[in-house]
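Here the protein sequences line up with chains A and B, keeping their order.
Here our numbering is used: the first residue of the first sequence is 1, the next is one more, and so on.
Here our numbering is used: the first residue of the second sequence is 1, the next is one more, and so on.
Notes for the one structure printed next.
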Amino acid sequence: MSLKKYVLAGATALAMVGVAITAAHADHFDDGQWGMTAKALKGKTVAYVPISMGFDLAQGWAAAMQKSADKWGYKLVINDPNWSASAGVQAIGQLLAQKPDVLVIQPFDPQSYAKLIKKALDQGTKVVQINMESVTHGDAYVGSDWYDVAATEMDLMEKACGKAAGKNGKIALIPGIPTNPGQMVGTQAINDKLKQYPDLQVVATQAAEYDPTKAHDVALTILKQHPDLCGIPGTWDGQDVGTAAAIKEAGLLGKVYLVTSGGGRQAAACDYIANGSYSAYVSYDGKGQGRDLVGSVVSLLQDSEKAGSHPVGVYSSLKIITKETMSTGSCWTIEDIKANGA
Amino acid sequence: MSASEVYARWRHRLIPDHILGEILSKTWIDNAIPFAFLIIAIAFFAFINPHFFLLSGLGDMARELGEIIFVTLGMVIVMLAGGIDLSVGSTFALSNFITLALFNWQGWPIGLAVLCALLAGAAVGLLNGILVGYLRLRAFLTTLVTLIIIRAIDDTLVIQYSTKVVVPITQSKVWDFISDGDIYGIPIPFIVAIVIAAVGHVLLTRLRPGWHILAVGGSRRSAHNAGIPVRRTVAMTYVMSGILAAAGGVFYASRLGTAGGDTGVGLEVTALTAAVLGGNSLGGGRGSVVKALLGALTVTIINNGLISLGLKSGAGSLALGVVLLIAVAIDVRWLKNRHKVLSKVYVSPAYFKLPPCPSITEGSGSSYALNDKLHDVELIGLGEIDAAEDPILDINDDLFFGSRKGDIIRYFGPDHKRWEVYVHVGGMPLGMAFDRDGNLLCCVAGMGLYKVVKDTRKIVKLTDETNRTWLSIVDDSRMRLPDDLDIAPDGRIFFSEATIRFDSYEWMVDGLEARGNGRIICYDPRDKSTKTVLPKIKFPNGICVAHDGKSIFYASTWGCTIERFWLEGQKKGTTETIIADLPGYPDNINRSSDGNYWVALVGLRTPAFDLALRKPGFRRRMVQRVAQDEWLFPQMNAGTVIKFTESGQVIDCLWDKRGVNHPMLTSCNEHKGYLYLGGIVNNRVGKYKVPGADPNFTNQGSYWGAKP
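Next comes the structure, spelled out in structure tokens:
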């Protein structure tokens with residue numbers, strides 16, 4: 001085979017691949033909208049920086065986006081700052097240098113990403129903030145209404161420990177990281193609800209910084225000091241695993257009413273409700289958030305508006321899971337999202 | 001010549017093996033490994049992620065790098081003094097909190113807020129300093145405890161007040177400039193860090209406190225004995241480290257404007273990794289600011305590179321831990337083995353083939369035939385003398401020679417019974433000569449060319465530096481082993497430097513290399529210039545200006561030749577070999593009264609060593625595998641003195657057959673009918689009556705026409 005023939009053969013092969021790709025698209029039913037969507041999404045880049053890739057929600061969101069990215073042919077780049085705001089800043093800085101089309105971030109606190117969000121918007125990268133919000137708005141906030149989450153927990157507390165229930169109303173607070181945007185709003189809600197329910201009495205407050213070990217130690221100490229404690233409005237399932245363990249260790253399982261909140265993953269929520277570790281669980285439905293996130297990202301990718309021009313909020317719907325209300329669809333698994341999308 | 005010998009000859013001519021050893025003996029080699037790490041890190045991440053080094057990404061990285069540099073500098077200063085500071089991460093976080101609390105929350109002027117943060121850092125440092133420096137607690141445990149205590153304080157403050165401190169109530173242009181500004185695209189924190197690093201470099205290398213730190217880290221006891229306030233110095237390093245960590249915290253505050261529980265967590269490991277990766281020794285005393293910068297840069301690149309790889313949580317810390325482990329292992333191994341490696345590879349033999357060795361057999365008719373003329377030499381200073389090199393007499397018949405203690409000894413003439421230390425020069429005085437004015441000139445090994453002024457005995461350095469050879473790895477501008485000198489009629493001093501690769505105490509090792517490591521240097525007193533005249537000579541040793549002053553003779557010891565270098569006339573600037581096949585290794589050359597020249601042969605060639613010279617591989621294996629006292633060296637136990645004519649004809653030969661008086665001869669000097677003999681390991685000077693010699697001949701007379 002001469003060189004010319006090689007070139008010819010190569011060109012033919014390329015042409016055939018090209019035809020095949022066009023054919024694949026051509027094969028798909030296109031009502032006009034589908035084609036526009038496919039064209040707008042193909043080849044785009046979405047960068048994703050959660051607080052850490054080491055917990056269920058971040059993995060669930062990633063799985064949901066990946067499923068969509070695989071379908072539509074856009075690229076998902078993940079950088080993992082692993083619980084360090086400083087590393088997060090570096091990670092976002094690096095990603096912005098690559099000029100992604102959409103940046104999905106989960107801020108640690110209101111301040112540290114503020115400048116970066118502005119920088120991203122200035123360079124035309126659209127910003128979605130997931131579950132936590134910085135002082136600077138991006139194009140979309142997708143996630144929990146933290147005020148409602150905490151307020152719902154307090155309502156459950158009142159029901160379980162208030163005068164109406166015939167209990168002493170003694171509760172203990174174990175917040176996460178005070179500067180966490182969710183925590184800041186949640187604290188506000190708790191204070192408001194405490195005014196609304198004067199029969200609830202906070203006997204102890206100590207932060208556990210989302211660390212289950214710390215939460216365990218804190219809870220154990222509080223339970224020793226207040227053996228008659230009625231309930232604990234928890235902060236996050238990842239932390240309150242430790243709180244639940246402490247209650248069990250103190251032999252007060254079923255006696256202390258522990259409410260927690262979280263993404264509602266099967267092993268972190270429903271299983272614990274089933275074994276009685278949590279009395280109630282306020283779920284902001286990580287799988288639903290994944291779907292909201294994908295929806296926002298996909299619509300921003302198709303949107304030709306200037307970055308940051310119309311910030312929108314997509315707040316998650318809340319589910320209260322208890323032994324009584326729990327059903328097969330109450331929780332989700334990452335495997336399920338990976339296989340079937342959000 | 002066999003094929004393998006041809007190969008050996010060309011291989012050693014073409015491949016400069018000696019360069020490896022010379023590179024390893026350089027002090028900057030300590031920076032080579034960290035630099036290699038840096039290059040590998042850059043290459044690796046650039047290969048994995050081409051976007052990684054895009055300019056805007058670099059800008060962000062430089063901002064963070066500034067903070068890491070500050071903390072690493074502090075860590076390195078403490079490590080240099082032999083300590084370790086694990087509390088830097090907590091101090092960093094505390095400083096971040098204080099800056100934000102005072103500025104954002106309390107609305108203080110930013111300058112004052114920063115000052116308070118730095119003072120807090122200094123206070124933590126002082127606490128460490130008092131505990132470790134003055135109370136002599138263990139640095140590791142003490143600073144670990146400080147780490148925990150300060151972290152606990154910081155955590156309490158963060159939990160209590162963090163929501164308040166992150167919301168700024170005031171604005172400051174200066175603060176905005178520090179946090180966002182840059183000069184020509186270089187972020188302010190990085191610029192400030194580099195400036196502080198430059199100051200630190202000057203401190204450590206040029207100023208007394210820095211030297212004290214290095215001295216304390218090098219050897220605490222010696223530093224104490226030298227009068228250095230060890231405790232205060234150690235305490236001071238912790239204070240510096242505290243201030244520098246706090247400075248890092250201030251820039252962190254400017255960059256992120258937040259106070260969380262994660263601030264500065266694990267920073268001590270980052271700084272420690274940076275310090276060790278940069279080549280700063282954990283044991284103290286060895287390190288520099290440049291190493292700190294190299295390490296900080298490498299670690300920041302690795303850290304950010306790992307983030308950009310999108311590794312799973314924890315994998316980044318794992319990778320950094322592995323890097324630290326490797327760096328520590330290399331640090332320890334390198335420190336331990338560098339000298340071993342160096343000693344193995346430094347000696348680098350070359351191929352050399354000597355012409356056939358002339359016979360010295362008694363009655364063979366050879367010019368070098370054995371006799372016993374030195375049997376009855378008169379001995380001077382027997383047992384009093386240590387290493388009489390180059391005995392020389394002045395016009396008053398006083399006898400001068402060097403000793404290995406750095407003295408020049410004078411025996412008073414004419415009987416040479418009484419003696420004194422004429423001057424103490426230091427180094428190892430070797431070849432000597434009197435100049436026109438009767439001043440004594442001397443080549444001092446390890447020092448240079450010196451003059452002892454005639455009556456005042458004032459010691460004057462003439463030169464210790466010559467021109468640096470281009471591309472020479474060994475710094476050949478300094479003189480290592482100036483050997484012998486002579487003075488031309490125009491006053492120029494020609495002297496030999498035997499080798500630029502070895503010091504005087506290991507001069508024989510140079511013989512194992514058989515490479516042209518030496519040179520002839522000329523010092524011109526008229527313009528005080530020094531210039532290398534003839535480079536790459538095999539151990540140039542004795543040197544003597546011809547009777548007519550138009551050429552110089554010099555001996556190439558390992559080459560077993562006498563060479564003549566023309567200073568004037570048609571052959572000016574050329575060298576010719578006068579005697580190509582001496583039976584031994586020539587040393588000092590001096591004039592004789594009958595218009596010829598004396599040369600001492602320090603040792604005799606042996607068939608074994610002659611053969612070894614043709615087998616460089618053999619000599620290299622010997623050096624690498626056998627203890628030094630078992631090495632095959634040139635034979636130095638029997639020598640002789642010969643007299644040769646200007647054309648290279650050998651006309652006399654003096655042997656000490658018993659090998660008692662002068663088993664090893666390095667010098668001979670004729671004076672008033674006698675030949676004075678010295679050896680560099682002799683404990684005597686021999687005085688031999690030369691039959692038929694001019695009883696009025698003196699060197700000064702021969703050179704300068706001086707009369708007694």
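For glycine and all other residues, C-beta sits at the position ideal for the given N, C-alpha and C.
**Study point:** 4-residue-minimum alpha helix (DSSP H) runs that sit fully inside the region 121 to 203 of chain B, ordered along the chain
**Key:** 139 to 165, 173 to 180
Review point. Got a sec: which bits of the region 93 to 123 of chain B sit with their beta carbon under 7 Å from any beta carbon on chain A, in order along the chain?
Key: none
Check your understanding: Under a CB-based cut-off of 7 Å, is GLY66/B close to chain A?
Key -> no
Review point. Would a check of beta-carbon distances place ASP262/B closer than 7 Å to chain A?
Key: yes
Review point. Is it buried or exposed for THR136/A, if we count other Cβ within 10 angstroms and need 16 for buried?
Key: buried
Check your understanding: To which residues of the same chain is VAL167/B closer than 7 Å at the C-beta, ignoring the five residues directly before and after it?
Key -> ASN104
Check your understanding: Name the chain A residues that come within less than 8 Å of VAL166/B, Cβ to Cβ?
Key -> ASP109, PRO110, GLN111, THR179
Check your understanding: DSSP state of ILE171/A, grouped into three classes?
Key -> strand
**Study point:** Identity of the residue in SER162/B, GLY111/B, HIS212/B, GLY305/B nearest ILE92/A by Cα
**Key:** GLY305/B
Point to revise | Burial state of HIS416/B, where buried means 16 or more other Cβ atoms lie within 10 Å | key: With at least 16 other beta carbons inside 10 angstroms of its own, HIS416/B counts as buried.
Check your understanding: Can you find a C-beta in chain B that's less than 7 Å from the C-beta of SER84/A?
Key -> yes
Review point. Which residues, in order along the region 155 to 188 of chain A, keep a beta-carbon less than 7 Å from a beta-carbon of chain B?
Key: Residues passing the 7 Å Cβ filter: ILE177, PRO178, THR179, MET184.
Check your understanding: By how many angstroms is the C-alpha of ILE222/A removed from the C-alpha of VAL241/A?
Key -> 16 Å
Practice item. Enumerate in chain order the residues of its own chain whose CB-to-CB distance from ASN467/B is below 7 Å, with the five nearest sequence positions on each side excluded. Key: SER477, LYS531, THR532
Check your understanding: What do you get for PHE29/A, buried or exposed, if any count of 16 or more other CB atoms within 10 angstroms of its CB means buried?
Key -> exposed
Exercise for review: Taking only the alpha-carbon atoms, compute the straight-line gap between LEU100/B and THR258/B and give it to the nearest angstrom.
Suggested key: Looking at the two C-alpha atoms, the distance is approximately 8 Å.
**Study point:** Partner residues on chain B for GLU209/A, Cβ-Cβ distance less than 7 Å
**Key:** The contacting residues are GLY261.
Exercise for review: Would you mind working out which of THR575/B, LEU675/B, ILE579/B sits nearest CYS560/B, comparing C-alpha positions?
Suggested key: CYS560/B has its Cα closest to that of ILE579/B, out of THR575/B, LEU675/B, ILE579/B.
Check your understanding: Where does TRP10/B fall in DSSP's three states?
Key -> Helix at TRP10/B.
**Study point:** First through last residue of the beta strand (DSSP E) which encompasses ARG564/B
**Key:** Per DSSP, ARG564/B belongs to the beta strand (DSSP E) from 561 to 566.
Practice item. Would you please state the rounded distance, in angstroms, between the beta carbons of SER68/A and VAL314/A? I believe it to be under 8 Å. Key: With a Cβ gap of about 15 Å, SER68/A and VAL314/A do not count as contacting.
Point to revise | Sheet register partners of TYR74/A (DSSP bridge) | key: Answer is none; TYR74/A lacks a bridge partner.
Review point. Mapping DSSP to helix, strand and coil, what is ALA693/B?
Key: coil
Review point. If you check the beta carbons only, do GLY248/B and GLU22/B fall under 7 Å apart?
Key: no
Check your understanding: What's the gap between the Cα of ASN696/B and the Cα of VAL685/B?
Key -> Their Cα atoms are separated by approximately 21 Å.
Exercise for review: Along the beta strand (DSSP E) that carries CYS270/A, what are the first and last residues, could you check?
Suggested key: Here CYS270/A belongs to no beta strand (DSSP E); instead the alpha helix (DSSP H) covers 270 to 274.
Review point. With 16 other CB atoms within 10 Å as the buried threshold, where does PHE37/B fall?
Key: buried
**Study point:** Proximity test, Cβ basis, 7 Å: HIS18/B and chain A
**Key:** Answer no: the Cβ-Cβ gap between HIS18/B and chain A never drops below 7 Å.
Check your understanding: So GLN700/B is in the alpha helix (DSSP H); what residue range does that whole segment cover?
Key -> 699 to 704
Review point. Is DSSP giving GLY18/B helix, strand or coil here?
Key: In the sequence as presented, Gly is not what sits at residue 18/B; that position holds His. If DSSP states are grouped into helix, strand and coil, HIS18/B belongs with the helices.
Point to revise | Proximal residues to GLY701/B (C-beta, below 6 Å), its chain only, five neighbours per side dropped | key: none
Practice item. Could you please give the first and the last residue of the uninterrupted alpha helix (DSSP H) stretch that includes ASP498/B? Key: Reading off the sequence, residue 498/B comes out as Ala, not Asp. That residue, ALA498/B, is in no alpha helix (DSSP H); it is neither H nor E in DSSP.
Review point. Who are the near neighbours of LEU200/A in its chain, counting only those whose CB is closer than 7 Å to its CB and skipping five residues on each side?
Key: MET157, GLU158, CYS161, GLY162, GLY169, ILE171, LEU194
Review point. Could you give the C-beta distance for ILE196/B and PHE70/B, rounded to a whole number, given that I count them as a contact under 8 Å?
Key: 7 Å
Exercise for review: Taking THR163/B as the query, report the chain A residues whose CB atoms sit under 7 Å from its CB, ordered along the chain.
Suggested key: PRO178, THR179, MET184
Review point. Closest Cβ-Cβ distance between GLY321/B and chain A: below 7 Å?
Key: no
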